[in-house]
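Sequential numbering of the sequence shown, starting at 1, is according to the UniProt record's numbering. In this text, a Cβ means the ideal position worked out from N, Cα and C, and glycines have one as well.
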Amino acid sequence: MSQAGIVNVMKETRVFPPPPEFSAKARIKSMEQYREMWQRAKDDPEGFWGEYAKELHWFKPYEKVLEWNEPFATWFKNGQTNVSYNCLDVHLNTWRRNKVAYIWEGEPGDVRVLTYEMLHREVCKFASVLKSLGIQKGDRVSIYMPMVPELPIAMLACARIGAIHSVVFGGFAAEALAERNNDAQAKLLITADGGWRRGKIVPLKENADRAMEKSPTIQKCIVLKRTGQEINMVDGRDLWWHELMKDASANCPAEPMDSEAPLFLLYTSGSTGKPKGVKHTTAGYNLYAKKTMEWVFDIRDEDVYWCTADIGWITGHTYIVYGPLSAGATIVMYEGAPDWPGYDRWWDIIERYKVNILYTAPTAIRTFIKWGDEHVEKHDLSSLRLLGSVGEGINPEAWMWYYEKIGGGRCPIVDTWWQTETGGIMISPLPGCTPLKPGSATFPLPGVVPEVVGEDGKPVPVGVGGWLVITQPWPGMLRGIWGDDERYKRQYWSDVPHKYLAGDNARIDEDGYIWIMGRIDDVLNVSGHRLSTIEVESALVSHPAVAEAAAVGRPHEIKGEAICAFVTLAEGYEPSDALRQELKNHVRQQIGALAVPDDIRFTTALPKTRSGKIMRRLLRDIAAGRETVGDTSTLEDYSVLARLRAGEE
Ligand code: PRX
1 MSQAGIVNVM
11 KETRVFPPPP
21 EFSAKARIKS
31 MEQYREMWQR
41 AKDDPEGFWG
51 EYAKELHWFK
61 PYEKVLEWNE
71 PFATWFKNGQ
81 TNVSYNCLDV
91 HLNTWRRNKV
101 AYIWEGEPGD
111 VRVLTYEMLH
121 REVCKFASVL
131 KSLGIQKGDR
141 VSIYMPMVPE
151 LPIAMLACAR
161 IGAIHSVVFG
171 GFAAEALAER
181 NNDAQAKLLI
191 TADGGWRRGK
201 IVPLKENADR
211 AMEKSPTIQK
221 CIVLKRTGQE
231 INMVDGRDLW
241 WHELMKDASA
251 NCPAEPMDSE
261 APLFLLYTSG
271 STGKPKGVKH
281 TTAGYNLYAK
291 KTMEWVFDIR
301 DEDVYWCTAD
311 IGWITGHTYI
321 VYGPLSAGAT
331 IVMYEGAPDW
341 PGYDRWWDII
351 ERYKVNILYT
361 APTAIRTFIK
371 WGDEHVEKHD
381 LSSLRLLGSV
391 GEGINPEAWM
401 WYYEKIGGGR
411 CPIVDTWWQT
421 ETGGIMISPL
431 PGCTPLKPGS
441 ATFPLPGVVP
451 EVVGEDGKPV
461 PVGVGGWLVI
471 TQPWPGMLRG
481 IWGDDERYKR
491 QYWSDVPHKY
501 LAGDNARIDE
511 DGYIWIMGRI
521 DDVLNVSGHR
531 LSTIEVESAL
541 VSHPAVAEAA
551 AVGRPHEIKG
561 EAICAFVTLA
571 EGYEPSDALR
581 QELKNHVRQQ
591 IGALAVPDDI
601 RFTTALPKTR
611 SGKIMRRLLR
621 DIAAGRETVG
631 DTSTLEDYSV
641 LARLRAGEE
């Protein structure tokens, strides 16, 4: 969060109690009820989660709810279940068989509706396809697709046969895809010719082709026809989705999977240059996704629910696919950009499908504020009853606009704090009971026991900032980093012994409300997308013109944070606008558009300590146009600072 954001949040005193009509119908109706649940989950996690575990289908009962061998958790030991079964098959013998699972809208305006029965059939057929290609339990499958129904179908088909999916966001470039294919040692890549974005084709297959040149483990590539342009199909390697599906058997029972069998990997940025494959497993994740869906969104059968995230991120995994399907919800899914063909596309979607619950990100809200209220006012949004926010802190101004303009002053806002690693929402209001303070994620969900601690690992006093840690295991927690247990221990379980270190700063106010205050590490949050500064630096340094680079975040009105890169050039290169553009393009090709710096500043030297560490704190101040207030006594060469301030080129 920006400095200005923090200051605003610290002044915030407004409180919004839940509307009585909402509370009357909600699952959790009062703070007393919430507190009682929370205490029970804290005191007796096994009893608490064991009761809810009855809501999953078990092929074989588990022997123990939790075995904690810090930092490795075994939830529902030796039980067998299947996530695809819990998302689909469980509904088939109920009236939900013919309930709509997905209402999908493509960017060009094409619409598809899939009932639970229809979705089940497609998933079974595609699971048969995977089997026919030799995909087995435990094999990794990379999925690089646009936001089309075949994306959840592919994920659920993997889950059905026990293959581990690794979805790579369609906005990532070939290099980033190859890196993820290789780390996961994926055997199969599922992609599409392209996806629609702002009326243009995102050339997914073209990127996939380039990635596959560097992904030796990929043996086959399944290609969905979506955009229809001419693409290159390699004989013996590339196969069309529609051809494989033509004669595929719809009979493919879900494979009984061990509770702790990996369900998926999702790569995310840490404080080093190499993205880590966060590993989530079967039963605990499934249960956590279902329960948090029900508690936080208070989802009902008559609801139409829309989460605007891309499935390529954890929000999409848990709250477009596994959570809402387990809860039997009707889900809106949209392929494209919010400003295509007009600035009111989202409001139009809400009006046409009578969306009741909207879950989106602060960066989107700030963008809509900029575009102007008239686009919102053209539409009837009275169907909405609940709003959600995720990805970064929501500044009170954006909160108020969301509350008033989108929610008509009648919809609670759930500001949900969580991470790729946590699997599901951790800290959030419960819409039927929590009095809201704009900018605060409020209280932990039942089963989540957070603390804010100092560097000594001890809780800090009320109102004082510190590191956010989680002190007890929860079912949705990551089970490790793919292929790197040491990194898992080091990253999350070493700085504060026996506690999960989230990587965020927070403070708890006198009423017990939790306020998240941004990252403690070099992780950037650009438009809700998580990136490490080192990833951006590595991409820059891989260009021959760059000798050294340092990337930092600076406050940005819409994106939350923008990337500012300081670059020193190699011998023989001169600063120029053309070079600046070339470097931006280079980053786009290495990582993707989301990582392109807003500013590239050329400099003859970077500020370093005498031991040679780049002083990012100083660069952050310079990037933000702030005076440096902190200690500069360890700076090796003071003149560097003066030259940077003067905007040296
Ligand atoms: O810094 C926090 C921020 O996003 C980080 C997690 O990013 P990622 O793994 O990509 O997952 C994002 C979607 C769950 C966190 O460490 N963050 C996420 N939600 C919030 C938030 N910061 C403040 N308030 C939130 N509601």
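Measuring C-alpha to C-alpha distances from Ala-254 to each of Leu-501, Ile-481, Ala-157 identifies Ala-157 as the nearest. As for any beta strand (DSSP E) of minimum length 3 sitting wholly inside the segment 195–253, the runs are 195–197, 200–202, 220–224, 238–240, ordered along the chain.
The three-state secondary structure of Pro-459, taken from DSSP, is strand.
Shown here for Trp-58: same chain residues with a beta carbon closer than 7 angstroms to its own, the five before and five after excluded, namely Gly-79, Gln-80, Thr-81 in chain order.
Here Glu-122 is buried. Its C-beta has 16 or more other C-beta atoms within 10 Å.
For Gly-408 and Ser-382, the gap between their C-alpha atoms comes out near 8 angstroms.
Take the alpha-carbon of Ile-514 and the one of Val-90: they are about 37 angstroms apart. Short of 7 angstroms from the beta carbon of Glu-55, and not among the five residues preceding or following it, lie these beta carbons of its own chain, in chain order: Lys-290.
Under the DSSP assignment, Lys-279 falls in the beta strand (DSSP E) whose first and last residues are 276–281.
Thr-533 is not a Cβ neighbour of Asp-521, given a cutoff of 7 angstroms. Beta-bridge partners of Asp-415 (DSSP): Ser-389.
Contact between the segment 157–170 and the segment 107–115 is absent, with fewer than three C-beta pairs closer than 8 angstroms. When secondary structure is reduced to three states using DSSP, Thr-272 falls in the coil class, being assigned neither helix nor strand. The beta carbon of Trp-467 sits no closer than 6 angstroms to any heavy atom of ligand 1. For His-498, there is no enclosing alpha helix (DSSP H), as DSSP marks it with neither H nor E. Cβ-Cβ distances below 8 angstroms link Gly-236 to nothing in the same chain once the five nearest sequence neighbours on each side are left out. The residues Leu-381, in chain order, have a CB closer than 6 angstroms to that of Ile-350 in the same chain once the five nearest residues on each side in sequence are set aside.
Within the DSSP secondary-structure output, His-91 pairs in no beta bridge. In this structure, ligand 1 has no non-hydrogen atom nearer than 6 angstroms to the beta-carbon of Arg-588. The beta carbons of Val-452 and Pro-429 sit no closer together than 7 angstroms.
In the assembly as shown, Pro-45 is a buried residue. Its beta-carbon has 16 or more other beta-carbons within 10 Å.
About 7 angstroms separates the CB atoms of Pro-256 and Lys-60; that is less than 8 angstroms, so the two are in contact. For Gly-466, the enclosing beta strand (DSSP E) starts and ends at 466–470. Of the heavy atoms belonging to ligand 1, at least one sits nearer than 6 angstroms to the Cβ of Glu-392. By the beta-carbon neighbour count (other beta carbons within 10 angstroms, threshold 16), Gly-47 is exposed. Check the Cα spacing between Gly-463 and each of Lys-437, Ala-506, Thr-272: the tightest is with Ala-506. With respect to the 7 angstroms criterion, Ile-369 and Trp-346 are not classified as neighbours on the basis of their beta carbons. Scanning the UniProt domain "AMP-binding enzyme C-terminal" (535–613) from its first residue to its last, the whole beta strand (DSSP E) runs of 3-plus residues come out as 546–556, 560–569, 599–602. Using a cutoff of 6 angstroms, the CB of Asp-415 counts as near ligand 1, since one of the ligand's heavy atoms is closer than that. Counting the other Cβ atoms within 10 Å of the Cβ of Tyr-638 gives fewer than 16, which makes it exposed.
Ranked by Cα distance from Pro-544, the options Ala-154, His-556, Val-536, Glu-571 are led by Glu-571. Taking 6 angstroms as the cut-off, the C-beta of Thr-533 does not count as close to any heavy atom of ligand 1. Taking the Cβ of Trp-418 as the reference point, at least one heavy atom of ligand 1 falls within a distance shorter than 6 angstroms. With distances taken between CA atoms, Leu-635 lies nearest to Arg-617 out of Arg-617, Gly-625, Asp-238. Sequence-distant Cβ neighbours of Tyr-34 in its own chain, meaning closer than 7 angstroms and more than five residues away, are Ile-28, Leu-430, Cys-433. Per DSSP, Met-517 is one residue of the beta strand (DSSP E) stretching across 514–519.
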